[in-house]
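Residue numbering for the sequence shown is 4 to 335, as defined by this note's numbering. Heads up: the structure comes next, in structure tokens.
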Amino acid sequence: MHLVKTTVIGNYPKIPGFGEAKLRKSLHEFDKGAISREQLEMVIREVTLESIIEQEIAGIDIITDGQIRWQDEVTYIMGALSGAELNGLVRFFDTNTYYRMPLIKNKVGYKGKILTSDYILAKENSKKEVKAVLTGAYTLAKLSENKFYKSVEDGLCFDIAGALNQEIRALADAGAKHIQINEPYLAYSQNWADKELVLQLFAKVFEGINARKWLVTYLGDLESIEVFAQAADVVGIDFVEGKRNLELLRNANIPAGKGLCLGIVNARNTNTEKFEDVSSIIQMGIEKVGSDNIYLSPNTGLDYLPREKALDKMKTLVGICRQSQQLVSQSQ
């Protein structure tokens with residue numbers, strides 16, 4: 004039987020609503036020199052394992068490592084590349100979170116593995132499939148301040164993509180079968196003149212990679228869904244912030260064998276979604292690609308929510324998925 008699956012988009016809340024905020028406390032103590040790097044790493048590992056366990060408890064099919072080590076969706080990756088310095092805090096789109104804007108003062112390059120150890124930790128401590136997630140070159144470049152390249156589009160974007168390709172090679176070598184690129188800037192900006200650029204960057208980051216390639220957008224509508232589906236194995240669409248996305252999907256001609264990741268649960272509020280609220284989206288997705296190529300997810304990462312509410316949202320998502328599976332079973 005071909006069943007709809009569940010996944011998450013990337014990050015997970017680091018700090019519990021109740022109990023000790025041990026990661027925040029440990030980071031503060033490390034900055035003061037009160038604990039060692041090894042002691043901090045033990046806490047990061049502990050919180051990462053907690054995020055994995057909670058995804059499993061909720062029943063998520065394809066999990067992530069929770070991105071516990073990430074400060075935000077930009078800083079962690081860009082801070083690990085050469086040529087970039089981290090500058091002042093800037094609001095991340097229209098959210099209530101901030102990132103440190105990378106200041107590009109030299110040629111951007113790859114210095115060494117960034118995400119692999121956390122991916123391996125998740126893989127070794129879960130029986131679930133684990134998906135590696137990276138912010139895409141287009142979004143990273145657009146959210147940086149360029150003081151070196153003649154052009155962001157012709158220079159910076161492609162050097163970041165080259166660095167990400169090396170990181171993805173390391174992830175694939177570590178066993179990653181699902182690798183996801185998040186490009187929220189594309190949907191948020193609605194700058195469709197850059198569509199071909201995004202496709203070129205996506206091809207570059209996955210050059211020589213044998214894995215299921217995910218391209219996920221959020222915080223807006225996604226035009227030309229079928230074009231992105233030709234490049235990616237799975238395309239992620241935000242049906243919470245993207246008010247036109249159901250219409251755009253209805254009119255899309257998705258190539259055979261491609262997957263859709265339907266962002267149907269709002270990761271930025273604590274309201275509880277019901278199956279009937281999102282059933283038309285799920286049904287449309289199934290009509291387009293078949294139930295075995297549908298992944299249900301929150302519309303963004305879950306780090307906007309208190310940790311207990313993030314767990315509730317995942318349980319809601321899994322409940323909706325099971326109702327979808329029942330409908331599929333009845334129709335077969």
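Glycine included, each C-beta is placed from N, C-alpha and C at the ideal position.
Beta-carbon within less than 8 Å of residue i's beta-carbon, same chain only, minus the 5 sequence neighbours each way: which residues are those?
i: E210; result: N168
i: C160; result: A140, Y141, A144, L200 and L204
i: R325; result: none
i: Y101; result: D75, L92, V93, R94 and F95
i: F383; result: Absent from the model: residue 383. The displayed extent of the chain is 4 to 335, so no value can be given.
i: S300; result: T9, T10, V11, I12, G239, C264, L265, G266, I267, V268 and L320
i: A61; result: L314, M317, K318, L320 and V321
i: I66; result: T10, V11, I55, Q58, E59, A125, S129, K131, E132, V133 and K134
Consult DSSP for residue i and reduce its assignment to one of helix, strand or coil.
i: E76; result: coil
i: K35; result: coil
i: I65; result: strand
i: A24; result: coil
i: I323; result: helix
i: K17; result: coil
i: Q328; result: helix
i: D306; result: coil
i: I71; result: coil
i: D315; result: helix
i: I284; result: helix
Bridge partners for residue i per DSSP, in chain order?
i: K216; result: I182
i: P301; result: V268
i: T9; result: L299
Beta-carbon within less than 6 Å of residue i's beta-carbon, same chain only, minus the 5 sequence neighbours each way: which residues are those?
i: P19; result: R310
i: Q328; result: L6 and V7
i: Y152; result: G158 and L159
i: Q70; result: G13 and N14
i: Y79; result: W73
i: E170; result: I117
i: V331; result: S294
i: Q183; result: K134, V136, W217 and V219
i: K25; result: V46
Can you say whether residue i is buried or exposed, counting buried as having 16 or more other CB atoms within 10 angstroms of its CB?
i: S227; result: exposed
i: W73; result: buried
i: N254; result: exposed
i: P105; result: buried
i: R40; result: exposed
i: H181; result: buried
i: R27; result: exposed
i: N296; result: buried
i: N272; result: exposed
i: K150; result: exposed
i: M317; result: buried
i: E244; result: buried
i: Q42; result: exposed
i: G260; result: exposed
i: K110; result: exposed
i: Q58; result: buried
i: P16; result: buried
i: G115; result: exposed
Go through its chain and collect everything with a Cβ distance to residue i's Cβ below 7 Å, but skip five positions before and after it.
i: E156; result: L200
i: L251; result: D224, L225, E226 and I228
i: K126; result: V133 and G178
i: L124; result: R48, T51 and D68
Do we get a CB-CB distance below 8 Å when we pair residue i with the residues of chain D?
i: A270; result: This model lacks chain D altogether, as it is built from one protein chain only.
Quiz prompt | Secondary structure, alpha helix (DSSP H): runs of 4+ residues fully inside the stretch 218-282 | solution = For the alpha helix (DSSP H) assignment, the uninterrupted runs of no fewer than 4 residues enclosed by the stretch 218-282 are, from N- to C-terminal side, 228-234 and 248-253.
Could I get the ranges of all uninterrupted alpha helix (DSSP H) runs contained in the stretch 132-215, with 4 residues as the minimum, in chain order? The stretch 132-215 contains these whole alpha helix (DSSP H) runs: 140-145, 160-176, 187-192 and 198-208.
Task: Runs of beta strand (DSSP E) wholly within the stretch 83-136 (minimum 3 residues, chain order) - done: 85-94 and 101-112, all fully within the stretch 83-136.
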